[in-house]
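The numbering used here numbers the first residue of the sequence shown as 25 and each following residue consecutively. All residues carry an ideal CB built from backbone N, CA and C; glycine is no exception. Small disclaimer: the values here were computed from a predicted structure and weren't measured.
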Amino acid sequence: MKLLRYGPKGSEKPALLDAGGVIRDLSGTVDDIAGAVLSPEGLARVAALDPATLPTLPEGRIGACVGRVGKFICVGLNYADHAKETGKAPPEEPILFMKATTAINGPNDDVEIPRGSKKADWEVELGVVIGSRAKYVSEADALAHVAGYCLINDVSERAFQSERGGQWTKGKSHDTFGPIGPWLVTRDEVADPQNLGLWLDVDGVRRQTGNTNTMIFTVAHLVSYISQFMTLEPGDVIATGTPPGVGMGIKPEPIFLREGQVITLGIDGLGSQRQLTIAAGA
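Next up, the structure:
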């Protein structure tokens, strides 16, 4: 299934995308694409519905495909060629950091360039959405705890991230820096999360091309690994790292985002996003 959230920010309705590409209203069946709805039982209940019996929704805003996200966990330098372009050695263990949940944005919403920003950057990433509680799970059992997968743009401000002291979170958490969606594709429809093509363009110029088969740490490894340090709950989101081609890695001079640019990105089978960069609001 392809599940999504539709409507104005803060008032999204749960919905699904049917086989014909029509958005169907799920609000008569579930309250949100969140929490227990993401459990195996919750997803089975939705899967048992006949989409043709659900009301259709007109064209409109699509929100982040997961609601009430408890934790937004990110993995750094998970592609060896990306680590190389940043001048860092590939990590021996996954590098984890948190992105504020207030950064979560719809897939086609505007992305703000923060006040004082000089090094805003892009990162196409595979997102993993947790469906059932995971604590100390084995790698063999890890994917059973995954509800599905989605597209994420892990927007970053490199100066805030690396030149302002402390850890990476402050460069990752500005409002709008976490577009998620357009939809959550359930695990049963993704045959192999380690064989998905990723791409990202800025103003029509291809900047990133990659495949999840070049990840250093697989999705199963990441879910298991993270669960050794914190309990993963339904609706938690993991951004699994980005392939090479980010702005900070461009030679001979890095290229960073400025106001008025268009970012487009996608992952095989998981849809695409389009964002306009704008000045930060109040």
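In angstroms, rounded to a whole number, what distance separates the CA positions of Leu294 and Asn102? 20 angstroms
Output yes or no for whether 8 angstroms exceeds the beta carbon distance between Leu150 and Leu224. no
Using the DSSP secondary-structure output, state which residues sit across from Arg69 in a beta bridge. None, per the DSSP bridge assignment.
7 angstroms Cβ shell around Asp42 - same chain, five flanking residues per side excluded: Arg48 and Pro75
For Cys89 versus Met122, is the C-beta spacing smaller than 8 angstroms? The Cβ-Cβ distance between Cys89 and Met122 does not fall below 8 angstroms.
When burial is assigned at 16 or more other CB atoms within 10 Å of the CB, is Arg29 buried or exposed? Arg29 counts as buried, since at least 16 other C-beta atoms from the protein chains shown sit within 10 angstroms of its C-beta.
Going by other Cβ atoms of all chains shown within 10 Å of its Cβ, with 16 needed for buried, is Pro118 buried or exposed? buried
Where Leu50 and Lys37 are concerned, what is the direct C-alpha to C-alpha distance, given to the nearest angstrom? 7 angstroms
So if DSSP puts Phe121 in a beta bridge, which residue, or which two residues, is it bridged to? Answer by DSSP bridge pairing, in chain order: Cys98.
I'd like to check one pair, Arg92 with Gly130: are the Cβ atoms closer than 8 angstroms? no
Below 8 angstroms on the Cβ atoms is my contact criterion, and I expect Gly269 with Ile279 to pass it. Report the Cβ-Cβ distance as a whole number of Å. Incorrect: roughly 11 angstroms between the Cβ atoms, too far for contact.
Using DSSP bridges, identify the partner residues of Glu149. Ile176
Is it buried or exposed for Lys33, if we count other Cβ within 10 angstroms and need 16 for buried? With fewer than 16 other Cβ atoms within 10 Å, it is exposed.
Of the residues Asp105, Val226, Ala244 and Leu222, the one placed nearest Thr236, counting alpha carbons only: Ranking the options by Cα distance to Thr236, first place goes to Leu222.
Is Ser63 helix, strand or coil by DSSP? coil
Specify, as a first and last residue, the run of the beta strand (DSSP E) that Lys26 falls within. Run containing Lys26: Lys26 to Tyr30, per the beta strand (DSSP E) assignment.
Using alpha carbons as the reference points, say which of Ile204, Thr301 and Val54 lies closest to Val153. For the set Ile204, Thr301 and Val54, the Cα lying nearest the Cα of Val153 is the one of Ile204.
Could you give the distance in angstroms between the alpha-carbon of Ala107 and the alpha-carbon of Thr266? 10 angstroms
Given Gly84 as reference, the closest of Leu281, Gly284 and Ala39 once Cα atoms are compared: Ala39
Cα-Cα, which of Glu257, Ile287 and Leu220 is closest to Ile61? The amino acid occupying residue 61 in the given sequence is Val; Ile does not appear at that position. Among Glu257, Ile287 and Leu220, the Cα nearest to that of Val61 is on Glu257.
CB contact flag (Ser197, Ala124, <8 angstroms): yes
May I ask you to report which of helix, strand or coil DSSP gives Trp192? helix
Which residue marks the beginning of the beta strand (DSSP E) containing Ser186, and which one marks its end? No beta strand (DSSP E) contains Ser186, which is instead part of the alpha helix (DSSP H) from Arg182 to Ser186.
Give me the residue from Thr77, Lys194, Thr53 and Ala68 with the minimum Cα distance to Val46. Thr77
Going by beta carbon distance, what residues of the same chain come within less than 7 angstroms of Ile274, once the five residues before and after it are set aside? none
Assuming Asp49 is part of the beta strand (DSSP E), what are its boundary residues? Ile47 to Asp49
Under 6 angstroms Cβ to Cβ from Lys95, same chain only, skipping five residues before and after it: list those, please. Asp260
Do Gly155 and His169 count as a contact pair if the criterion is CB distance below 8 angstroms? yes
With Lys143 as the anchor, note down where its beta strand (DSSP E) starts and where it stops. Taken as a continuous stretch (DSSP letters only), Lys143 belongs to no beta strand (DSSP E), as it is neither H nor E.
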